[in-house]
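Line by line, the protein sequences give chains A and B.
In terms of our numbering, the first sequence opens at residue 11 and continues consecutively.
In terms of our numbering, the second sequence opens at residue 255 and continues consecutively.
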Amino acid sequence: MIFATFSKKELPRLFDLLAPNTVVGPVQKGLDRAGRPLYDFDVIYRFQDLRLDYPTTIHSAKRHFLPHRESLCTFTLQGNDWEKQVDYNVYKPVVFFGLHACDINALNKLDKVLSSPPYPNPYYTAKRRNMFIIGQGCQPQPQCFCRSMGTDTALHGFDLFLTDLGDRYFAEILSATAYQFLQKIITRPPTAKDHDRYKEVVTERNQQFQTTVDTTDLTKLLDLEFESAAWQQWGDKCLSCGTCANVCPTCYCYGVEETVDLDLRGAAKTKYLYSCNLIDFAEVAGGHNFRPQTATRLKYRYYHKHRGFVEAYEESLCVGCGRCGEACLAGITVPDVLASVRALGG
Amino acid sequence: MAAPLSYLGVGLDRPRVGVFEFTSCEGCQLQLVNNEATLLDFLNLIELVNFREAMSERSDDYDIALVEGSISRADEVARLKEIRTNARLLVALGSCACFGGVNQLKNRFGDLDWVKKKVYGDFPIASQEVRPLADFVAVDLMIYGCPPKKEEIEKVVTNLVVGKKVAMPKYPVCMECKANENICLFTLGEPCLGPITRAGCDAWCPNHRRGCWGCRGPAEAANVRELEAIMARHGFSREAMLDRLECFGGFSSQVAALRGQPRRPRKARSSKRS
């Protein structure tokens with residue numbers, strides 16, 4: 011790892027250097043009913059729209075690498091014949107400006123499923139290979155439990171990671187591309203004083219976490235508590251609306267729909283993100299539904315995130331960003347659900 | 255006569271389609287003709303034989319009947335039964351046909367004579383309790399919405415023509431609203447039935463920052479009880495929620511459960527009213 015520091019005044023210059031690409035970053039999207047600002051990721055055209063002081067975003071940055079709806083291919087039909095057109099929907103490299111550690115770790119986790127053998131997903135991988143990621147240190151929010159999930163720092167998966175030291179940034183450089191871009195602005199090697207300040211800032215930040223999840227033996231606990239009454243209690247509240255999956259930076263389950271054009275001269279295959287909480291998620295050909303009960307579907311979402319994925323990849327699929335709990339109208343949060351399963355038992 | 259229809263070299267029959275309306279604003283039919291960009295392709299898929307809003311010809315020889323509107327008169331019942339006999343496939347088009355629609359709000363008043371007098375005075379007019387089509391005839395397919403999405407009607411008709419399965423979303427509007435990355439209307443301080451209403455509209459109203467009124471009826475796992483708690487937590491009254499639930503008639507059974515018992519018919523008339 012190479013470190014550097016640079017004045018905050020240099021950041022707009024770095025932005026301008028990257029601006030020929032599509033730049034995605036946090037922006038303010040309005041105010042909630044109590045007048046508090048709301049943030050989301052969006053395409054940024056002017057540096058001043060970038061809100062690097064954002065606490066969190068309503069949605070993850072997912073739509074820029076796992077769109078909610080994506081055309082997989084189209085078909086041109088002529089007579090008895092047809093021709094297939096495939097487009098990975100990558101037109102320009104995307105610069106992510108200001109991702110927090112949880113969201114970078116989310117990409118690292120998705121890579122294990124979607125960019126690895128035996129079946130790498132070309133649509134995702136093509137976007138992933140055309141990304142430049144600038145990470146940014148965060149201020150832990152009340153709903154954040156990334157520290158419990160081991161995703162509060164990003165060790166890889168970014169090009170450049172910035173930590174705010176007040177008047178300057180402490181930069182971790184992880185790619186040759188990032189190094190080359192930094193050559194074009196004024197930087198200097200960090201001094202011992204910068205190192206001390208960096209450690210101070212990080213320590214201070216790490217003391218701000220308010221929410222924890224006890225993950226001790228969690229996979230075993232989930233195996234033991236398959237019949238726990240807790241699942242039914244949360245299932246009674248669940249709206250089966252898929253909101254948790256839609257705001258989640260790692261939920262990747264999807265459906266595919268094939269449609270015929272109105273003029274019968276073309277057809278399309280479209281992928282759309284789905285959610286295991288939706289009533290027909292486990293409905294199969296012939297109409298049988300393996301998970302008709304809401305509680306069962308909710309349970310399996312937890313089993314995929316906190317048990318199945320751990321078994322396959324030795325890490326959870328949850329990054330502890332807390333977005334699902336914030337977005338859930340019924341107030342179902344990961345820390346509450348896992349704590350109740352631990353406490354309530356069978 | 256239009257050229258024969260084919261898909262991937264396989265010949266297809268152009269279904270004969272009739273479009274009919276009962277008690278309604280005729281807006282659903284208007285949806286059929288209001289998308290000029292695709293209108294010719296749409297009309298090429300079918301053979302339109304009866305459509306009062308769009309053509310002069312009238313035929314009772316059709317395969318598919320797209321029927322808009324609710325039933326609010328005895329003569330409508332007879333006409334609907336006739337259409338049912340003629341059609342191979344009867345499609346309820348829009349909220350009025352599916353659930354009674356906005357028209358069924360009058361049923362809330364209980365005393366329908368009072369309602370009639372209030373609206374029409376002494377003008378002689380036939381009018382009865384407003385009911386959806388399925389209360390009188392078998393309905394083969396429902397296209398939900400007030401109005402339905404033109405794109406959805408086109409997709410349904412395309413699938414019927416090529417013999418593909420017609421499936422409506424079973425999940426609620428939230429799914430489409432979140433896919434569009436809208437800010438939740440509850441966050442903005444507005445009530446919304448999105449969490450319990452059947453999707454398929456692409457979150458039409460929430461996209462424009464208007465809370466859902468449930469025109470497409472309940473999603474298949476509609477957790478009405480939880481939404482009631484959510485509404486209360488956000489400071490919306492029970493009546494505010496019931497107003498929305500009752501607006502299009504799709505939630506009539508849920509409303510009956512929430513109210514505990516059906517409203518008592520209005521019998522006594524206060525002197526101030528009349």
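Glycine included, each C-beta is placed from N, C-alpha and C at the ideal position.
Against chain A, with Cβ distances strictly below 8 Å, would residue 396 of chain B count as a contact? Cβ-Cβ to chain A under 8 Å: no for residue 396 of chain B.
Flag this pair as yes or no: are the beta carbons of residue 261 of chain B and residue 274 of chain A separated by less than 8 Å? Cβ distance < 8 Å, so residue 261 of chain B and residue 274 of chain A count as in contact.
| request: List the residues of chain B that residue 289 of chain A touches, going by C-beta distances under 7 Å, in chain order. | output: Those are 424, 425, 474 and 475, listed as they occur along chain B.
Cutoff 8 Å: residue 402 of chain B Cβ touching any chain A Cβ: With respect to chain A, the C-beta atom of residue 402 of chain B has no partner C-beta closer than 8 Å.
With burial defined as no fewer than 16 other Cβ atoms inside 10 Å of the residue's Cβ, what is the status of residue 300 of chain A: buried or exposed?
So residue 300 of chain A ends up on the exposed side.
Item to check | residue 416 of chain B: contacting residues in chain A (beta-carbon distance under 9 Å) | outcome: Ordered by position in chain A, the residues that pass the 9 Å Cβ test against residue 416 of chain B are 270 and 274.
Query raised in the report: From the beta carbon of residue 40 of chain A, is the nearest beta carbon of chain E less than 8 Å away?
Result: The displayed structure is made up of protein chains A and B, and chain E is not among them.
Discussion item. Contact criterion: CB-CB distance below 8 Å. Does residue 525 of chain B meet it with respect to chain A?
Written reply: Confidence is the limiting factor: at residue 525 of chain B the pLDDT is only 41, short of 50, which leaves the residue's position unreliable and the question unanswerable from this model.
- If residue 284 of chain B and residue 415 of chain B are in contact, beta carbons under 8 Å, what's the gap, nearest whole angstrom? Their Cβ separation, rounded to whole angstroms, is 22 Å, which puts residue 284 of chain B and residue 415 of chain B out of contact at 8 Å.
- Looking at the C-beta of residue 491 of chain B, does it have a partner C-beta in chain A at a distance below 8 Å? No, residue 491 of chain B lies away from the interface with chain A (no Cβ there is under 8 Å from its Cβ).
By Cβ distance, which residues of its chain are closer than 7 Å to residue 339 of chain A, with the 5 residues on each side in sequence left out? Closer than 7 Å at the Cβ level, and outside the excluded window around residue 339 of chain A, lie 249.
Does the region 192 to 207 of chain A come within contact of the region 19 to 37 of chain A, defined as at least 3 CB pairs closer than 8 Å? A contact exists between the region 192 to 207 of chain A and the region 19 to 37 of chain A.
**Message:** residue 303 of chain B and residue 338 of chain B - do their beta-carbons sit closer together than 8 Å?
**Reply:** It is not a contact, given that the beta carbons lie outside the stated cut-off.
Report task. Decide yes or no for the touch test of the region 165 to 184 of chain A against the region 80 to 94 of chain A: beta carbon pairs closer than 8 Å, at least 3 of them. Result -> Output reads no: the region 80 to 94 of chain A does not touch the region 165 to 184 of chain A.
Q. What do you reckon, is the C-beta of residue 117 of chain A under 7 Å from a heavy atom of the ligand ADP?
A. Inclusion of the ligand ADP in the displayed structure is not the case, the ligand content being empty and no account of it being possible.
For residue 92 of chain A: DSSP bridge partner residues: DSSP lists A:87 as partners of residue 92 of chain A.
Which word fits residue 269 of chain B, buried or exposed, when buried means at least 16 other C-beta atoms lie within 10 angstroms of its C-beta? Counting Cβ neighbours within 10 Å, residue 269 of chain B comes out buried, since at least 16 surround it.
CB contact check: residue 429 of chain B to chain A, cutoff 8 Å: For residue 429 of chain B, the answer is yes, since a Cβ of chain A falls inside 8 Å of its Cβ.
Worksheet entry | Where the region 245 to 258 of chain A meets chain B: residues whose CB sits under 8 Å from a CB there | Here the close residues are 246, 247, 248, 249, 250, 251, 252, 253, 256 and 257.
- Distance, residue 97 of chain A Cα to residue 81 of chain A Cα: Taking the straight line joining both Cα atoms gives about 8 Å.
Consider the Cβ of residue 433 of chain B: report whether some Cβ of chain A lies at a distance smaller than 8 Å. It does: the Cβ of residue 433 of chain B has a partner Cβ on chain A nearer than 8 Å.
Would you call residue 329 of chain B buried or exposed, if buried means 16 or more other Cβ atoms sit within 10 Å of its Cβ? Around the beta carbon of residue 329 of chain B, a 10 Å sphere encloses fewer than 16 other beta carbons of the protein chains shown; the residue is thus reported as exposed.
Proximal residues, the region 83 to 98 of chain A versus chain B, C-beta separation under 7 Å: Legend: CB atoms of the region 83 to 98 of chain A lying less than 7 Å from CB atoms of chain B belong to residues 87, 89, 90 and 92.
In chain B, what lies closer than 9 Å to residue 304 of chain A by C-beta? Neighbourhood of residue 304 of chain A in chain B, by CB distance below 9 Å: 475 and 477, in chain order.
>> In this structure, how does DSSP classify residue 178 of chain A when only helix, strand and coil are distinguished?
In response: In the structure shown, residue 178 of chain A adopts extended strand secondary structure according to DSSP, grouped into three states.
For this session: Only counting runs of 4 or more residues, tell me where the alpha helix (DSSP H) segments fall wholly within the region 129 to 168 of chain A, in order along the chain.
Result: Qualifying alpha helix (DSSP H) stretches, in chain order: 132 to 138 and 156 to 159.
Note down, one range per segment and in chain order, each alpha helix (DSSP H) of at least 4 residues found wholly within the region 427 to 497 of chain B. You should have 427 to 433, 439 to 442, 458 to 461 and 478 to 487.
- Query: Out of A:296, A:328 and A:133, which has the shortest C-alpha to C-alpha gap to residue 157 of chain A?
  - Reply: It is A:328.
Checklist line | Range covered by the beta strand (DSSP E) that runs through residue 266 of chain A | finding: Note, residue 266 of chain A: beta strand (DSSP E), 264 to 270.
Original post:
Along chain A, which residues have their Cβ under 7 Å away from the Cβ of residue 262 of chain B?
Top reply: Within 7 Å Cβ-Cβ: 87, 90 and 92.
Exercise for the section: Could you spell out where the beta strand (DSSP E) holding residue 264 of chain B opens and where it closes? Expected result: Per DSSP, residue 264 of chain B is one residue of the beta strand (DSSP E) stretching across 264 to 266.
Using the three-state DSSP reduction, which class does residue 525 of chain B fall into: helix, strand or coil? Residue placement at residue 525 of chain B is poorly supported in this model, since its pLDDT is 41, which falls under 50; the coordinates still yield a value, given next. Coil, per DSSP.
According to the neighbour-count rule (16 or more other Cβ atoms, all chains shown, within 10 Å of its Cβ), is residue 187 of chain A buried or exposed? Burial state of residue 187 of chain A is exposed, judged by a 10 Å Cβ sphere holding fewer than 16 other Cβ atoms.
Relative to the C-alpha of residue 343 of chain A, which candidate in A:312, A:61 and A:191 has its C-alpha closest? Taking each of A:312, A:61 and A:191 in turn and checking the Cα distance to residue 343 of chain A, the smallest one comes out for A:312.
Which stretch, first to last residue, makes up the alpha helix (DSSP H) that contains residue 317 of chain A?
Unbroken run through residue 317 of chain A: none, as it is neither H nor E.
So which residues on chain A does residue 443 of chain B lean against when the C-beta distance must stay under 9 Å? Ordered by position in chain A, the residues that pass the 9 Å Cβ test against residue 443 of chain B are 42, 43 and 44.
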